[in-house]
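Below is one structure, written out as structure tokens; the observations come after it.
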Amino acid sequence: MSYHNPYTPPRKSATFDDYTLAEIRRAAATGIYDIRGAGTKRKVPHFDDLLFLGASISRYPLEGYREKCDTSVVLGGRFAKKPIHLKTPITIAGMSFGALSGNAKEALGRGATIAGTSTTTGDGGMTDEERGHSQTLVYQYLPSRYGMNPKDLRRADAIEVVVGQGAKPGGGGMLLGQKISDRVANMRNLPKGIDQRSACRHPDWTGPDDLEIKILELREITDWEKPIYVKVGGARPYYDTALAVKAGADVVVLDGMQGGTAATQDVFIENVGMPTLACIRPAVQALQDLGMHRKVQLIISGGIRSGADVAKALALGADAVAIGTAALVAIGDNDPHWEEEYQKLGTTAGAYDDWHEGKDPAGITTQDPELMKRLDPIAAGRRLANYLKVMTLEAQTIARACGKNHLHNLEPEDLCALTMEAAAMAQIPLAGTNWYPGKGGY
């Protein structure tokens, strides 16, 4: 005979939690996998698990109101005749027209230009709004080839060859039919209203030797003027960085699993790739082993939110960072102003990730003409510029506190780790010790 203890509340499984149970029921009812946008929602070791060691007696801080702390960065000086000069090491990651509205792309260009940094086209071609309002524009060259043409390659200030991204390394992108308007269809040479899925690999090369040939083709098309970036998802950062350098890249972009996407399988977002924090040191080590650290620039993306995150990425050896999700929030994504409409969609501000449906109340991840009107690209661009300014000032403040007159002078010894996982991934000593897992001694 069973006995129920009235003093003990029912206990739910940690493995089969409410979300997991709901997903099992959804899969059983529909027979299809879940698709969504954004990045991973699981908690993984991140920059919050690192702290800076400010100056005291052993280090001499800089006086913030008197002594300069430079934030500028030059990208692509290895082979390109016209490397990119930016005022801040915070760039805007590739997000496509199609996934985003034309107004959103214009806002990103406006904000980046005011802040003195670059923005990136994404998968879907170059829009006139984006080119017209972006002082420095990086053109993404993806497996899909959507919108790709020699004219736009020459109109760009740099070219980013995308091999993979953090939310789905090894996987292709999606753009569902409801977002393929007449204009998107024309730019991508697709039928209007029909779902499309981008290829997961480039059709004209199969390995790093072929990548070298492709990079040389792009250099010939652009008269060796434009820096060539290679973007990879965080999976095997040491070898991918080394192979990109050997193939002739001027810049390596490394995107951790906190990096977002417009749409892909939820199971992919949550279970493929590595945390951004785990990617940086192996990539830096590859550059150092090849004698190319600071000669080939490393851009880190995936979950960058604040100037502290920027400073930590640079201290670990990056030259710059790229933001995507944070930039969308800055221009109005998931704004509580639209909470009532988010609830009508069955979600809430801060959790809305059904970007593929094209129903975004904020007018950002949509091609609906009425919703798009809600986003003022001029005002949104100013908000983005303000956000970039604050991030840069925050990073400067930290660098000065560590006694550094340039953000690039931050170094691993300026950091300590709060958890064993972060210490092991970043190869940073655990706070109060000079040891991290994998390092001999204590």
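Using the UniProt record's numbering, the letters of the sequence shown correspond one by one to residues 1 to 442. For each residue, glycine too, the CB sits at the ideal point set by N, CA and C.
Asked                                                                                                                                   : Found
Nearest-angstrom beta carbon gap, valine 163 and lysine 231 [assumed within contact, 8 Å]                                               : 6 Å
Own chain partners of glutamate 130 with C-beta closer than 6 Å, once the 5 adjacent residues on each side are dropped                  : Lys105, Gly109
Other residues of its chain near arginine 11: CB distance less than 7 Å, five sequence neighbours each side excluded                    : none
Own chain residues within Cβ distance below 7 Å of serine 134, not counting five before or after                                        : Gly109, Ala112, Thr113, Thr119
Counterpart residues of glutamine 406 in DSSP-defined beta bridges                                                                      : Per the sequence presented here, residue 406 reads as histidine, with glutamine not at that position. DSSP, once it has assigned bridges, lists Asp70 as partnering histidine 406.
Beta-carbon contacts of aspartate 240 that lie in its chain and below 7 Å, excluding the five residues immediately before and after     : Val232
Burial state of residue 470 (16 or more Cβ within 10 Å)                                                                                 : This structure gives no information on residue 470, because the portion of the chain shown stretches from 1 to 442.
Run of the beta strand (DSSP E) containing glycine 233, from where it starts to where it stops                                          : 228–233
Where the beta strand (DSSP E) through cysteine 200 begins and ends                                                                     : Segment: none, cysteine 200 is in no beta strand (DSSP E) and carries neither H nor E.
Minimum C-alpha distance to isoleucine 378 - residue among Lys404, Lys81, Cys402, Ala330                                                : Ala330
Classification of methionine 420 by the beta-carbon crowding that lies within 10 angstroms, buried from 16 upward                       : exposed
Residue ranges of each alpha helix (DSSP H) within the stretch 124–161, 4 or longer                                                     : 128–133, 150–155
Cut-off 6 Å between Cβ atoms - residues of its own chain near glycine 317, not counting five sequence neighbours on either side         : Val284
Status (buried if at least 16 other CB within 10 Å, exposed otherwise) for glutamate 160                                                : buried
Continuous beta strand (DSSP E) stretch holding residue 531: start and end                                                              : This structure cannot settle anything about residue 531, because the visible part of the chain is limited to 1 through 442.
Beta-ladder partner(s) of valine 272, from DSSP                                                                                         : Partner(s): none; valine 272 has no beta bridge.
Close beta carbons around tryptophan 224, own chain, < 6 Å, minus the five adjacent residues each side                                  : Lys81
Supposed contact pair methionine 391 and isoleucine 84 - C-beta distance, whole angstroms, cut 8 Å                                      : Not confirmed; about 19 Å, so no contact.
Neighbourhood of leucine 218 by C-beta distance below 8 Å, restricted to the same chain and skipping five residues each side            : Tyr141, Leu153, Ile159, Val161, Lys226, Ile228
Closest residue to alanine 286 among Leu393, Ile213, Thr20, Lys246 (Cα-Cα distance)                                                     : Lys246
Three-pair Cβ contact test at 8 Å for the stretch 187–201 versus the stretch 267–274                                                    : no
Span separating the alpha-carbon of asparagine 189 from that of glycine 147                                                             : 8 Å
Contacts around glutamate 67, its chain only, beta-carbon distance under 8 Å, and the 5 residues preceding and following it disregarded : Arg400, Asn405
For tyrosine 442, three-class secondary structure by DSSP                                                                               : With a pLDDT of 49 at tyrosine 442, under the threshold of 50, the modelled position of that residue is not reliable, and the figure given next carries that caveat. DSSP places tyrosine 442 in coil when its eight states are reduced to three.
Where the alpha helix (DSSP H) through glutamine 343 begins and ends                                                                    : 339–344
Integer Cβ distance of residue 448 from glycine 259, believed to fall under 8 Å                                                         : Residue 448 cannot be examined here, being either before or after the span of the chain that is shown, 1 to 442.
Coarse secondary structure for methionine 257, derived from DSSP in three states                                                        : coil
Under 7 Å between C-beta atoms of residue 447 and alanine 362                                                                           : The requested residue 447 is not part of the displayed model; the chain covers only 1 to 442.
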